[in-house]
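**Student:** What the sequence shown shows, in my numbering, is residues 985 to 2063, in sequence order. Backbone N, C-alpha and C fix where the C-beta goes; we use that ideal spot for every residue, glycine too.
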Amino acid sequence: MDVGRLVRTHVTSSELDPSGELVDGALRCAHDHADSRHQRRQRAAARGRQGAGRVSDLDRGRRAAQGCVCCRPLAHAQASRSSRILSRRSTPARSTGLRVCLARERQLTPARTLTNFYLAKLDDFDSLPPALDALLVLSKLPSFDDDTAVEVYREIVENVNMKAYAQSVRHQVYLLFDSFLTHHREALKKMGPDFIASFAKMVDGEKDPRNLMLLFQLDRVILLEFDVKAQIDEIFDITFCYFPITFRPPPNDPYGITADDLKLALRACMAASPYFAKAAIPLFLEKFVTAAGPTLRDLLLTMAACFPVYGKDAVGERGEELWEVLKTEVFYSSSSSIESAALTALEALVRTLYPTATDTPAGLAQVIIKQCLEGLKEPEKNQAAGSAKSLAAFIRASPSAGPFAYSQALPQLFRQFNNPALPSQRVPLLSAITTLLMAAKSVYAAPDAERRQEQECSLEPFREPLFDVLREGLRTDGLKAAAVRGSVSLAEIPGFWGRQEVEEIVQLMDDLLLNDRDEEIQRAVLDGLKTIAEKHADVVQSVTLPLLFHALPEQAPAESDYDGREKYRAILSSLAELCVLPSLFETLVVRIITKLDLLSSPGAGAEPTASERETTAAYAWDLLNTLRVVLDQKLAAKHADVARHYSQIVPRLFGLVVSAALPRTDSADPLFRDHRLLVVVASIAEALFWEQSEEKQSKIFETAHTSFESGDLRGIVFDAASAKTAAPRSPFRPGATAPEQDLIALYTALVRGLKSKTPLPFLSATDLLTSKIQWAVHVARDEFQLNIVLDLITAFVNKRAGDLGDALGPILERIWMEEIQDTAQPFETRRRGLLVYLHIAKALALLRNELAYAAVNRVIEILVLSNLDPVFVGEAARGFSVLADAGKPKGKGRANHLNVKLLYAQKLWSFVLPKLIEGEKEAEGTKRLVYLEAFASLLPLVPSTVLLSNLPTLLPLLLRSLSLPNPAQRTNVITTLTSILETANTSTATDTLLHEQAEALVDGFLKSALREDGVETSGAVRSAALLGLGVFPDSIRYETLRGAKARVVRSLGLALDDPLRAVRREAVDTRAKWYRYGA
985 MDVGRLVRTH VTSSELDPSG ELVDGALRCA HDHADSRHQR RQRAAARGRQ GAGRVSDLDR
1045 GRRAAQGCVC CRPLAHAQAS RSSRILSRRS TPARSTGLRV CLARERQLTP ARTLTNFYLA
1105 KLDDFDSLPP ALDALLVLSK LPSFDDDTAV EVYREIVENV NMKAYAQSVR HQVYLLFDSF
1165 LTHHREALKK MGPDFIASFA KMVDGEKDPR NLMLLFQLDR VILLEFDVKA QIDEIFDITF
1225 CYFPITFRPP PNDPYGITAD DLKLALRACM AASPYFAKAA IPLFLEKFVT AAGPTLRDLL
1285 LTMAACFPVY GKDAVGERGE ELWEVLKTEV FYSSSSSIES AALTALEALV RTLYPTATDT
1345 PAGLAQVIIK QCLEGLKEPE KNQAAGSAKS LAAFIRASPS AGPFAYSQAL PQLFRQFNNP
1405 ALPSQRVPLL SAITTLLMAA KSVYAAPDAE RRQEQECSLE PFREPLFDVL REGLRTDGLK
1465 AAAVRGSVSL AEIPGFWGRQ EVEEIVQLMD DLLLNDRDEE IQRAVLDGLK TIAEKHADVV
1525 QSVTLPLLFH ALPEQAPAES DYDGREKYRA ILSSLAELCV LPSLFETLVV RIITKLDLLS
1585 SPGAGAEPTA SERETTAAYA WDLLNTLRVV LDQKLAAKHA DVARHYSQIV PRLFGLVVSA
1645 ALPRTDSADP LFRDHRLLVV VASIAEALFW EQSEEKQSKI FETAHTSFES GDLRGIVFDA
1705 ASAKTAAPRS PFRPGATAPE QDLIALYTAL VRGLKSKTPL PFLSATDLLT SKIQWAVHVA
1765 RDEFQLNIVL DLITAFVNKR AGDLGDALGP ILERIWMEEI QDTAQPFETR RRGLLVYLHI
1825 AKALALLRNE LAYAAVNRVI EILVLSNLDP VFVGEAARGF SVLADAGKPK GKGRANHLNV
1885 KLLYAQKLWS FVLPKLIEGE KEAEGTKRLV YLEAFASLLP LVPSTVLLSN LPTLLPLLLR
1945 SLSLPNPAQR TNVITTLTSI LETANTSTAT DTLLHEQAEA LVDGFLKSAL REDGVETSGA
2005 VRSAALLGLG VFPDSIRYET LRGAKARVVR SLGLALDDPL RAVRREAVDT RAKWYRYGA
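(1) Quick test of the definition: if touching needs 3 or more C-beta pairs under 8 Å, does the stretch 1980 to 1994 touch the stretch 1951 to 1969?
(2) Tell me, please, whether the stretch 1556 to 1563 touches the stretch 1602 to 1614 by the rule of three or more beta-carbon pairs shorter than 8 Å.
(3) If you drop the 5 nearest sequence neighbours on each side, which residues of the same chain put their C-beta closer than 6 Å to that of R1784?
(4) To the nearest angstrom, report how far apart T2054 and F1780 are at their CA atoms.
(5) Determine whether the beta carbon atoms of V2032 and G2003 lie at a separation below 7 Å.
(6) Classify S1667 as buried or exposed, calling it buried when 16 or more other Cβ atoms lie within 10 Å of its own Cβ.
(7) Which of helix, strand or coil does DSSP assign to W1481?
(8) Tell me whether D1130 counts as near the ligand NAD, meaning its Cβ is closer than 6 Å to at least one heavy atom of that ligand.
(9) Using beta-carbon positions only, say whether V1634 and L1572 come within less than 7 Å of one another.
(10) By how many angstroms is the C-alpha of A1467 removed from the C-alpha of A2030?
(11) Rounding to the nearest angstrom, what Cα-Cα distance links R1814 and P1715 in this structure?
(12) Quick one, which of L1474, V1914, Q1151, I1795 has its alpha-carbon nearest I1516's?
(13) Cβ of G1737 within 7 Å of Cβ of H1629?
(14) Whole angstroms is fine: what's the gap from S1320's alpha carbon to C1563's?
(15) Since L1116 contacts L1172 with CB under 8 Å, what's their CB separation in whole angstroms?
(16) Compare the Cα-Cα distances from E1598 to each of V1509, L1615, H1659, I1777 and report the closest residue.
(17) Leaving out five residues on either side along the sequence, give the residues of the same chain with a beta carbon under 6 Å from the beta carbon of V1299.
(18) Is it right to say K1905 is buried, meaning 16 or more other beta carbons lie within 10 angstroms of its own, or is it exposed?
(19) What are the boundary residues of the alpha helix (DSSP H) that L933 is part of?
(20) Please name the residue in P1278, P1940, D1237, G1189 whose C-alpha comes closest to that of V1225.
(21) Got a sec: is the Cβ-Cβ distance from T1097 to anything in chain B below 7 Å?
(22) Which whole runs of the alpha helix (DSSP H) in the stretch 1512 to 1566 are 4 residues long or more, in chain order?
(23) Within this structure, are the beta carbons of E2000 and P2043 separated by less than 7 Å?
(24) Give the list of continuous alpha helix (DSSP H) stretches no shorter than 4 residues that lie fully inside the stretch 1622 to 1658.
(25) Give me the Cα-Cα distance between I1795 and P1654, rounded to the nearest whole angstrom.
(26) Does DSSP put S2007 in a helix, a strand or coil?
(27) For L1529, count neighbouring C-beta atoms within 10 Å of its own C-beta (all shown protein chains included) and say buried if the count is 16 or more, exposed if not.
(28) According to DSSP, simplified to helix, strand and coil, what is I1901?
(29) Return the residue from the list G1548, E1543, H1534 that minimises the CA-CA distance to I977.
(30) Please determine if the stretch 1759 to 1766 and the stretch 1803 to 1821 are in contact, where contact requires at least 3 C-beta pairs separated by less than 8 Å.
(31) Could you have a look at R1038 and say whether DSSP puts it in helix, strand or coil?
(32) Along the alpha helix (DSSP H) that carries E1802, what are the first and last residues, could you check?
(33) Exposed or buried, G1347, counting other C-beta atoms within 10 Å across all chains shown (16 or more means buried)?
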């Protein structure tokens, strides 16, 4: 709760509107007074009276008022006007009964006169609120001096009966007190005991949460700044009476005050003075008898905050009693939050009693440690875990008691571990040792640690026993998880273990990572290695990485070797997590590229089978994707080393692709002709190219442009000899082979990663765009090449719209007239022309360029021709999906390197939607279908929340769209409706509408959830439908769908036989929700 903001809000919540005549008169008076003061000072200097002393501002103002003709009526005018305003019934008028000329007039006389006037109103019940508001404004003026503040304070104390007024009026009084404490604190201090006594009387019995938040702040200031020792009992009574706070905010609380806000504010107040200790500590002990749940947790955390303030002597007197109540919560509490709070309080207790390294851990420390050691003698009991945690609190709390706790606990634990009464006792014993080691890590390895292991040497006597115990734990089932945590903790402590010890521990953890089948152990080991790598990267680099890379197969496992495939994927997943650090990433890059190079090299044996080619491509894809995943993590973490890896990664990967694309003398099918690998390589290149500076981008792109356009591909690869050819091999030249044309994927990657301000290496952007449009429409061999060049066109238009300028309009017109509208053209040419047209429109829509809306409008207009050219018009309707994915990145979590203006999607949606709705209304019969297809294709453009405001109009369209034949379009509709159902309760109107149509929605979802003969379907639409059906029990009241429950459950039973595992899993979850629906 920001009390300061709350105070400011109430101080400035209304502005006064004094008459212009009064303000102008006040200003003229002020100027006259300033001139008269200047003239008097000059006369005084001439008469030699400089040493006569200063006249106070108050005296000067009084004399000025007596001597000035206009000032005498001014005060009367102000008081008269204020009286009139105060007598009004209008709340705004009454709340603005001041400012008159104070905002622009700084004279003392008007402020003094107004203060007296408002003080006279304090005993008037109806006039008190506006009077307090006025006094609050006055109290902040420079002319409101200390004497006036004390006078106003005394008048309020004497004349205002707080219990007779509402909480809003009391709040005004507290705001005025806050102003006095802020601006006139020293004057209030001089009042001595009278101030604290009167303040306590005024605030006694306050219960309003908003007022309490302010009062706790005022109490804390008084406790910290005033001499309260003699009157601490009075402050104790008005403060501790609220402890512990049990407050539940009312619904729709306008102030937003929570129970935690009040608890924290009161806790800060209770911990503000050591003089509270005498009464507070017995109160804490008394409260333990009845406290439970959140109240007990509040009590424990309050004790933790108060102990250091109350001091060693006061806390030590009741130390054993405090330990007894804390021990109960640490050893026997069933709540982890209360146990944690009790440990925090214990830590504060120990820190208070033994704050420095020179404090002898005698007395209570020995008592507690002895009891904990007794608890550890029976390690299988619950008390043992609490004992270990208590000892860990000692270690964290005190530089003297911590080492003493180690010296007593570890030898006993080692003896028990080496000679356990029962073998099963070793598990809790090692867990206890690990708990102590993790406490040491939190003390010695924290970034801002003040304590050092080298100084305290608390663990030094136990170096060898600790190493032996952890090493044995890493080799023994049941002990591995605890041993990993303990080992990592010691490895994190600076300077404790040498390289040899860390290497041996890492080797044991590596063995677990590769050979242990327990997923929990593998997860703990991997997290531990990541932590160790931050402190000992050289060890992980020299020990772990070679072992993991050696475990990767030289060749891809056979198609039937499922275990082999899962094993190398687990290793790659581990590498992806470990190698994010700059020092390890470089090793990953070298090893992966080497593996890819070996995989792509032709073998000496027989030509691989189709199955072998597929498994090798899958292995290569996994290697490349590992590199891409690590890059994504580094980019998300904003690592500075990413950009410099471009020259190390991209030319080498380009070399593999270019070498595979060039003509061969044999019949082998090179690995890197696989389109899936090309896509990943292009994605890596785009990400790294984007990270280059504009200057570096310009040089790289100039070389790439020359290479791709001229056909000399040696400039883009690392090994120029691998790309040397007898003749130019440009992918754009006539007669280029399909693999050579696929190289345009690399060119597209660089264009997508190109920054808008990077200088281009050619003069005419229009010529480049025109050539690529022609290539897309007339040359591209397949959908892969077409989609790649469409991405290039989109990126180039989006980034270089300024360079293209006025040429874009004619280009779009030419495409429309020659490639789309001309029905004499082959259908494929028209389809490609339409896709190019829509992709250019998408690129411009991201910039909110008006050409985009004109182009989209043309596409909408041809939907009416569905009866004349049904196939092409259907293609146009489905083409709206191009606009729907505008601005979305290629891949989950990937950055989008296109230029995107704010609210582009909403503007495009607002432009298209009314035209589609109107067209659908005017169409008849099957002609309406194309509008529904366009509508469904466009749905992913905006989040479903955008649709809520117009849901009554859109819901019928969505319902009809559930019957569309295209599975992708039905998936869009179902996903949108699912999101709407999840947010339905945010609006009563939306909730009502959805309940009215609930059965129709359920039937529509069920039709897409099941496979039917003659109905086109996909796994994606079935999964989406089942997921959506699972939302109904949480969004729609049972009585609405009571009659549909049996039918839905029966249909969901059929979905359990779906051939896809993902669909079956959704069916199981959804049927379980419907079984519980209404139960």
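**Tutor:** Judging by the given coordinates:
(1) yes
(2) yes
(3) What you label residue 1784 is simply residue 800 of the sequence shown in a count that begins at 1. The answer, listed in chain order, is A1749.
(4) Position 1070 of the sequence shown, counting from 1, holds the residue named residue 2054. Position 796 of the sequence shown, counting from 1, holds the residue named residue 1780. Cα to Cα, the separation comes out at about 45 Å.
(5) For this step, residue 2032 is matched to residue 1048 along the sequence shown. For this step, residue 2003 is matched to residue 1019 along the sequence shown. No.
(6) Here residue 1667 refers to the residue found at position 683 when the sequence shown is read from its first residue. With 16 or more other Cβ atoms within 10 Å, it is buried.
(7) In the sequence shown, residue 1481 corresponds to position 497, counting from 1. The answer is coil: DSSP assigns W1481 none of H, G, I, E or B.
(8) This structure lacks the ligand NAD, and indeed carries no ligand of any kind.
(9) As a working mapping, residue 1634 is identified with position 650 in the sequence shown. As a working mapping, residue 1572 is identified with position 588 in the sequence shown. Cβ atoms of V1634 and L1572: not closer than 7 Å.
(10) As a position in the sequence shown, residue 2030 is number 1046, starting the count at 1. As a position in the sequence shown, residue 1467 is number 483, starting the count at 1. Between A2030 and A1467, the C-alpha separation is close to 53 Å.
(11) Along the sequence shown, one-based indexing puts residue 1814 at 830. Along the sequence shown, one-based indexing puts residue 1715 at 731. So the alpha carbons of these two residues sit roughly 23 Å apart.
(12) Taking the sequence shown and counting its residues from 1, the one referred to as residue 1516 is at position 532. Of the candidates L1474, V1914, Q1151, I1795, the one whose C-alpha sits nearest the C-alpha of I1516 is L1474.
(13) The count along the sequence shown starts at 1 and reaches residue 1737 at position 753. The count along the sequence shown starts at 1 and reaches residue 1629 at position 645. It is not a contact, given that the beta carbons lie outside the stated cut-off.
(14) On the sequence shown, position 336 is the one that residue 1320 refers to. On the sequence shown, position 579 is the one that residue 1563 refers to. Rounded to the nearest angstrom, the two C-alpha atoms are 35 Å apart.
(15) Here residue 1116 corresponds to residue number 132 of the sequence shown, with the count starting at 1. Here residue 1172 corresponds to residue number 188 of the sequence shown, with the count starting at 1. Actually they do not touch by this definition, with Cβ atoms about 18 Å apart.
(16) On the sequence shown, position 614 is the one that residue 1598 refers to. Among V1509, L1615, H1659, I1777, the Cα nearest to that of E1598 is on H1659.
(17) Along the sequence shown, read from residue 1 onward, the residue named residue 1299 stands at position 315. Same-chain partners within the cutoff: F1291, T1336.
(18) By 1-based counting over the sequence shown, the position of residue 1905 is 921. It counts as exposed.
(19) Since the displayed the chain opens at 985 and closes at 2063, residue 933 lies outside it and no answer follows.
(20) Your numbering for residue 1225 matches position 241 in the sequence shown. It is worth fixing the name first, because residue 1225 is Cys in this sequence and not Val. Nearest of P1278, P1940, D1237, G1189 to C1225, Cα basis: G1189.
(21) Of the protein chains in this structure there is only one, and it is not chain B.
(22) 1529 to 1535, 1546 to 1562
(23) Translated into positions along the sequence shown, residue 2000 becomes position 1016. Translated into positions along the sequence shown, residue 2043 becomes position 1059. Not a contact, by the Cβ cut-off of 7 Å.
(24) 1630 to 1645
(25) Working through the sequence shown from its first residue, we reach residue 1795 at position 811. Working through the sequence shown from its first residue, we reach residue 1654 at position 670. Taking the straight line from one Cα to the other gives about 39 Å.
(26) Numbered from its first residue, the sequence shown carries residue 2007 at position 1023. Looking at S2007 - three-state DSSP - the assignment turns out to be helix.
(27) For this step, residue 1529 is matched to residue 545 along the sequence shown. Under this definition L1529 is a buried residue.
(28) As a working mapping, residue 1901 is identified with position 917 in the sequence shown. Helix at I1901.
(29) Since the first residue of the chain shown is 985 and the last is 2063, residue 977 is not available in this structure.
(30) yes
(31) If you number the sequence shown from 1, residue 1038 lands on position 54. Because R1038 sits at a pLDDT of 36, beneath the cut-off of 50, its placement in the model cannot be relied upon, and the following sentence gives the value as read from the coordinates. Three-state DSSP puts R1038 in coil, outside helix and strand.
(32) The residue given as residue 1802 occupies position 818 in the sequence shown. Counting along the chain, E1802 falls outside any alpha helix (DSSP H), and DSSP gives it neither H nor E.
(33) Taking the first residue of the sequence shown as position 1, residue 1347 is located at position 363. Classification for G1347: exposed.
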